[in-house]
Structure formats: C-alpha cells, structure tokens
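Asker:
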Amino acid sequence: MDVAARGIGKATTRSGERLLGAAALASLAVSAVLSLVVAPPDAVQGEVQRLMYIHVPAAWLAYLAFAVVFIASIAYLRTSRIRWDRLAAASAEIGVLFTALAIALGSLWGKPVWGTWWTWDPRLTTTAMLLLIYLGYLAVRRITDNPTRRARWAAVIGIVGFIDVPIVHLSVVWWRSLHQGSTVFRLGGPEIHGAMLVALLAGVAAFTVVYAYLMTLRLRVGRLEERAVREALSPTVAQVAEEDA
Amino acid sequence: MEANVGYVVAGYVLTALALGGYTLRLHARARAARLRAESIAARRRGEVETSARRGPA
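Protein chains in written order, with my numbering: chain A, 84 to 328; chain B, 2 to 58.
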C-alpha cells in the first residue's frame, strides 16, 4: 500500500498535474470527434444514441471513483494514515459529479427514446440511491472537525456504501428493466458496431484521464486546505509566550 | 436535421459545463486555501520578528 501511496504522490506534482490536464483535454477532443463525426448514427434511435458515448463513460467512472473510495477506506482503517482518507474524500467528490452527470445524461437520452425524463426503473432507482449514499458520505465529513473521527466514520460509509455499486450494475439482470442490458461486457462478445465500440472505448479512456486529472487537482486542494487549518490552529508566538510565563 | 439532435447538443454542453465548472472550482479552492495559509504564515512571521526586536522579556 505504501508503494501505491508513493506512486500517487509522484503523480500529484504540479508538472504531473499540468501534463494530465493537457492529456485530458486532448483525449476529450479525440473522443468528441470519434463519437460525433466518425461513429455512425444508430439504426433505430438515430442521432440521439450519440449520448451513449458520454453517458456510459460517466457511469463507469462513477463505479471506478467509488471503488477507489472503497479501497482507500479499507486502507485507512488498517493503517490510520490520513492520506488514505484524503484520497477517499477526493474520489467520493468526483464520483458524485460523475453519478449526477450520468443521471442527467440518461434523463436527456430517456426523454426522446422512452418518452419520459425519469421513471422508477431498477437501474435508475439504484443509481439515484448511489448518488444519495455518497452525498451522505460527503455530508458526514462535515459533521465533525475531529480529523480522526471524521476519517473513521467516512471510511465505514465508504465501505458499506460500495455494496450498491454491483447492485446498480446487475439491476438490469436481476429485475425487469426499461434500461438496456450490457452491450460490451456480455457473453458472446460486444453486440455493437466496430466504430461505435471504438468511440465508446475512447470515451471511457478520455473520462479516465479526466478522472486522474481531477484527482490530482482535488488532492492538492485537500493538502492546501489542511495546511491552512494547521496554520490557523498552531499556537501563535504570543500564545506560546503567555503559556511560558 | 433530426429533431432529437438538440438532446445530443444539450448533453455534450452539459458535460463540458460540469467538468469545466468543477475544474475551475477546484482551482479557485486551491488558490483560496493557499492564500489563507500564506497570510496566516506571514502574520506569524511578523509576530516572530516583532518579538525578536523586543528581546527577551
């Protein structure tokens, strides 16, 4: 785990952050061209199916972000090192962003295809629960100023809350759902046109780079905010002199 | 042009705004935290210099 932590430390230098930012922009541009220009329109849904190239990556990156929260939470409870808590908090915040984005994009896709912005379908309902769980995770972090207590409470929610991720993913298999089933990860291989698959995978790759960039940025914010709190809480010269007197 | 293209445009614009907006917010938070830490540290340095000039009590 120390090796992983050192690796994260190296990636979060300012030069690493700038490099990731440039890579994120470039990969998003490539992904936009592949999904809006190169990939053909869907035979049934037409142009609106192009929302898949951002909706699916947003959902997958939400899974990844919450998996990182899960692993970092276990690492925190095992080691009590605050950097694992910092990592979990950063990933949870970004995971919430991607989950909210996936829901909003799904809603935009659902209106022309299903005829409704929202329905209490198993996939949609469990995803809404996922958003609420991690909003709760972020809210719990604001309840206490004690860093150890905050990290411990958050770690427990980060581990228990992850149970919903496989439920979201398998909801289309377990229950009758309006939402379509797996297109890529299915028995017999992907059921999708080659150019569409390339555009989808490019979207996932681009969103993964964006996630890595946002993580480096959010980790720096976490470190700087902790430094500001430390500076504010450390005793002043006057206070030390007063205590010495 | 297909009638549903508007949903696609809205989706891509929403994604750009969400990712771009969050990135800008993180930069603003980093800057605010850095300035806050630096201003507290500068005040401390000022106090140290003042007490050094005064000499031991």
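Even for Gly, the Cβ is constructed at its ideal location relative to N, Cα and C.
Can you list, in chain order, the residues of its chain whose CB lies under 6 Å from that of V248(A), leaving out five sequence neighbours each side?
Answerer: The residue given as residue 248(A) occupies position 165 in the first sequence. Closer than 6 Å at the Cβ level, and outside the excluded window around V248(A), lie Y146 and F149.
Asker: So with Cβ pairs under 9 Å, would you call G219(A) a contact of chain B?
Answerer: Along the first sequence, read from residue 1 onward, the residue named residue 219(A) stands at position 136. False, the Cβ-Cβ gap to chain B never drops below 9 Å.
Asker: What are the residues in the stretch 125 to 147 of chain A lying within 7 Å of chain B by C-beta distance?
Answerer: G129, E130, V131, R133, L134 and I137
Asker: Comparing the CB of I246(A) with every heavy atom of the ligand COA, is any distance shorter than 8 Å?
Answerer: The model on display carries no ligand, and the ligand COA is accordingly not part of it.
Asker: Grouping DSSP H, G and I as helix and E and B as strand, with all else coil, what is G129(A)?
Answerer: By 1-based counting over the first sequence, the position of residue 129(A) is 46. DSSP places G129(A) in strand when its eight states are reduced to three.
Asker: Measure the C-alpha to C-alpha separation of L333(A) and R54(B) and round it to an integer number of angstroms.
Answerer: The first residue shown for chain A is 84 and the last is 328, placing residue 333(A) beyond what the model contains.
Asker: Below 8 Å on the Cβ atoms is my contact criterion, and I expect Y8(B) with P195(A) to pass it. Report the Cβ-Cβ distance as a whole number of Å.
Answerer: For this step, residue 8(B) is matched to residue 7 along the second sequence. For this step, residue 195(A) is matched to residue 112 along the first sequence. Yes, they are in contact, since the Cβ atoms of Y8(B) and P195(A) sit about 6 Å apart, within 8 Å.
Asker: So F181(A) is in the alpha helix (DSSP H); what residue range does that whole segment cover?
Answerer: Residue numbering aside, residue 181(A) sits at position 98 when the first sequence is read from its first letter. Note, F181(A): alpha helix (DSSP H), I165 to W197.
Asker: Which residues bound the alpha helix (DSSP H) around R101(A)?
Answerer: Counting from 1 along the first sequence, the entry for residue 101(A) is found at position 18. Looking at the DSSP string, the run of the alpha helix (DSSP H) that includes R101(A) is R97 to V116.
Asker: Measuring alpha carbon to alpha carbon, tell me which residue in A34(B), E3(B) and E48(B) is nearest R313(A).
Answerer: The residue given as residue 313(A) occupies position 230 in the first sequence. The option with the nearest alpha carbon to R313(A) is A34(B).
Asker: In chain order, what residues of the same chain lie with their CB nearer than 7 Å to the CB of F153(A), ignoring the 5 residues before and after it?
Answerer: Here residue 153(A) refers to the residue found at position 70 when the first sequence is read from its first residue. Correct list, in chain order: G241, I242 and F245.
Asker: Which residues in chain A sit within 7 Å of G12(B), going by Cβ to Cβ distance?
Answerer: For the purposes of this step, residue 12(B) is taken as residue 11 along the second sequence, with counting starting at 1. Result: L134, I137, L188 and L191.
Asker: Quick one: is Q132(A) buried, meaning 16 or more other Cβ sit within 10 Å of its Cβ, or exposed?
Answerer: Taking the first sequence and counting its residues from 1, the one referred to as residue 132(A) is at position 49. Buried.
Asker: Since R206(A) and V255(A) should fall inside the 8 Å C-beta cutoff, what is the C-beta to C-beta distance between them, to a whole number of angstroms?
Answerer: On the first sequence, residue 206(A) is found 123 positions in, with the first residue counted as 1. On the first sequence, residue 255(A) is found 172 positions in, with the first residue counted as 1. That belief holds up - the Cβ atoms of R206(A) and V255(A) are roughly 5 Å apart, short of 8 Å.
Asker: So is R54(B) in contact with chain A if we call contact Cβ pairs under 9 Å?
Answerer: Here residue 54(B) refers to the residue found at position 53 of the second sequence. So no, R54(B) is outside the interface.
Asker: Taking Cβ positions only, does R303(A) come closer than 9 Å to chain B?
Answerer: The residue given as residue 303(A) occupies position 220 in the first sequence. By this cut-off, R303(A) is an interface position.
Asker: Nearest to V151(A) by alpha carbon, out of W201(A), T202(A) and L170(A)?
Answerer: If you number the first sequence from 1, residue 151(A) lands on position 68. Ranking W201(A), T202(A) and L170(A) by Cα distance to V151(A) puts L170(A) first.
Asker: Assuming A183(A) contacts L214(A) under a Cβ cut-off of 8 Å, what Cβ separation, rounded to an integer in Å, is found between them?
Answerer: Within the first sequence, numbered from 1, the residue matching residue 183(A) stands at position 100. Within the first sequence, numbered from 1, the residue matching residue 214(A) stands at position 131. Confirmed, Cβ separation roughly 6 Å.
Asker: With burial defined as no fewer than 16 other Cβ atoms inside 10 Å of the residue's Cβ, what is the status of R303(A): buried or exposed?
Answerer: Here residue 303(A) refers to the residue found at position 220 when the first sequence is read from its first residue. Buried: at least 16 other Cβ atoms inside 10 Å.
Asker: Which value, in whole angstroms, describes the spacing of the CA atoms of V139(A) and A106(A)?
Answerer: Here residue 139(A) refers to the residue found at position 56 of the first sequence. Here residue 106(A) refers to the residue found at position 23 of the first sequence. Those two C-alpha atoms are separated by around 20 Å.
Asker: Taking 9 Å as the threshold (beta carbon to beta carbon), is R233(A) in contact with chain B?
Answerer: The count along the first sequence starts at 1 and reaches residue 233(A) at position 150. False, the Cβ-Cβ gap to chain B never drops below 9 Å.
Asker: What separation, rounded to the nearest whole angstrom, lies between the Cα atoms of V239(A) and R166(A)?
Answerer: Translated into the one-based positions of the first sequence, residue 239(A) becomes position 156. Translated into the one-based positions of the first sequence, residue 166(A) becomes position 83. One C-alpha to the other measures close to 16 Å.
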